Amino acid sequence: MLPPPTPAAQVPEELQRLMFPPTKDEQIVNTALVVFLNALTIHFPLIKRCDWTVHRKAFVPQFEEAKFESRTDGYLDDGKGNPYALIDVKPIIRALTNQSRIQMQEGSQMASWIKIDIDAHLEKLRVHVSQNRHEVFITIAEYDKGYVSYLRKTPANNEHPSFLTMHQYGPWNTNNAGDMKKLGPILLALTLYAEDEVQKAEASSS
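Going by the working numbering, the sequence shown opens with residue 843, and the numbers climb by one from there.
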């Protein structure tokens, strides 16, 4: 079942392009989002390693018979090029006509990330931060060891089929100060979580 339409998507389709014309360049949306994300963390001395970047990271998971490439619009970098959250942006709103395609792309990126980082513990938070024109979404991935076995192509005989579930939240309107006041602490908490995970990993390896 698709999530309920966003406020922008509830506008009649024939009026959407008049009220919410596409941004001239997707990179404008991407830069605006990453600048906002880094502005949230710049005054926190606790955050020493993690940084939001516009680097378009590519994942190329290899399977038995084929491979494919998923490319993000940015990510939360642990300081060594390893992502702790993915970024994807679109210059258009998330309307009913394109929502499925956008979510399929995000699901592909998430599955690729899990496959490449398949030895990470299951409790690792997997998050997608997306901006479609002026609306921001947060999507959290849910999966279990059965899904990891599926990606490894090593499911147990008695193991039931397992799937990746993407929980989408939002949107938060970047033109609405109240929305951004609510969104800011969530994104800051995500960055602090990543920083804590990186520091714990460094401490355990030293």
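C-beta: ideal position from N, C-alpha, C; glycine also. Remember, predicted model here, so these are calculated numbers, not experimental data.
What is the rounded straight-line gap between the Cα of N974 and the Cα of L1032?
As a position in the sequence shown, residue 974 is number 132, starting the count at 1. As a position in the sequence shown, residue 1032 is number 190, starting the count at 1. Whole-angstrom Cα-Cα distance: 20 Å.
Anyone know if the C-beta pair for L888 and Y926 falls short of 9 Å?
Reading the sequence shown from its first residue, position 46 is the one you call residue 888. Reading the sequence shown from its first residue, position 84 is the one you call residue 926. Taking 9 Å as the Cβ cut-off, L888 and Y926 do not qualify as a contacting pair.
So does the segment 914 to 929 actually touch the segment 896 to 904, counting three or more Cβ pairs closer than 8 Å?
yes
Under 9 Å, do R913 and I960 count as touching if we go by C-beta distance?
Reading the sequence shown from its first residue, position 71 is the one you call residue 913. Reading the sequence shown from its first residue, position 118 is the one you call residue 960. Not closer than 9 Å, so no.
How should P1013 be labelled, buried or exposed, when 16 other C-beta atoms within 10 angstroms of its C-beta is the threshold for buried?
Within the sequence shown, residue 1013 is the residue found at index 171, counting from 1. Result: buried.
So what does E984 bridge to, in DSSP terms?
Locating residue 984 in the sequence shown gives position 142, counting from the first residue. According to DSSP, E984 bridges with T1007.
Stretch pair the segment 944 to 964 + the segment 858 to 877: three plus CB contacts closer than 8 Å
no
Let me check understanding here. Comparing Cα to Cα, which of K1023, L1034, N940, L1025 lies closest to H885?
Working through the sequence shown from its first residue, we reach residue 885 at position 43. With distances taken between Cα atoms, H885 lies closest to L1034.
Tell whether a beta-carbon distance below 9 Å holds between V1055 and L1030.
There is no way to answer for residue 1055, as the model of the chain reaches only from 843 to 1048.
Beta strand (DSSP E) containing N974: first to last residue?
Numbered from its first residue, the sequence shown carries residue 974 at position 132. Residues 969 to 974.
Among E868, T873, H976, V931, the one whose alpha carbon lies nearest that of N1015
By 1-based counting over the sequence shown, the position of residue 1015 is 173. Ranking E868, T873, H976, V931 by Cα distance to N1015 puts H976 first.
Rounded to the nearest angstrom, how far is the Cβ of Q931 from that of E868, given a contact under 8 Å?
Numbered from its first residue, the sequence shown carries residue 931 at position 89. Numbered from its first residue, the sequence shown carries residue 868 at position 26. It is Val, not Gln, that sits at residue 931 in the sequence shown. So it is a contact: roughly 6 Å between Cβ atoms.
When the distance is taken between beta carbons, is Q947 closer than 9 Å to M1008?
In the sequence shown, the residue the question calls residue 1008 occupies position 166. In the sequence shown, the residue the question calls residue 947 occupies position 105. Not closer than 9 Å, so no.
From I934, F905, S1004, D919, pick the residue whose C-alpha is nearest to that of K866; which is it?
As a first step, residue 866 is located in the sequence shown; it is residue number 24 there, counting from the start. That would be I934, whose Cα lies nearest to the Cα of K866.
Using the Cβ count rule (16 or more neighbours within 10 Å means buried), how would you classify T939?
As a working note, residue 939 is residue 97 in the sequence shown. Flag for T939 reads exposed.
What residues in its chain sit with their C-beta under 7 Å from that of I958, if we drop five residues either side in the sequence?
Counted from its first residue, the sequence shown places residue 958 at position 116. Taken in chain order, the residues that qualify are F901, P903.
Does DSSP classify D919 as helix, strand or coil?
Position 77 of the sequence shown holds residue 919. It is a strand residue.
Tell me whether the beta-carbon of A1036 lies closer than 9 Å to the beta-carbon of C892.
Mapped onto the sequence shown, residue 1036 falls at position 194. Mapped onto the sequence shown, residue 892 falls at position 50. Cβ distance < 9 Å, so A1036 and C892 count as in contact.
What does the alpha-carbon distance come out to for the pair A881 and I982?
Along the sequence shown, read from residue 1 onward, the residue named residue 881 stands at position 39. Along the sequence shown, read from residue 1 onward, the residue named residue 982 stands at position 140. Roughly 22 Å separates the two Cα atoms.
Could you have a look at F910 and say whether DSSP puts it in helix, strand or coil?
Taking the sequence shown and counting its residues from 1, the one referred to as residue 910 is at position 68. F910 falls in the coil class under three-state DSSP.
Could you compute how far the alpha carbon of R943 sits from the alpha carbon of V978?
By 1-based counting over the sequence shown, the position of residue 943 is 101. By 1-based counting over the sequence shown, the position of residue 978 is 136. C-alpha separation (whole angstroms): 17 Å.
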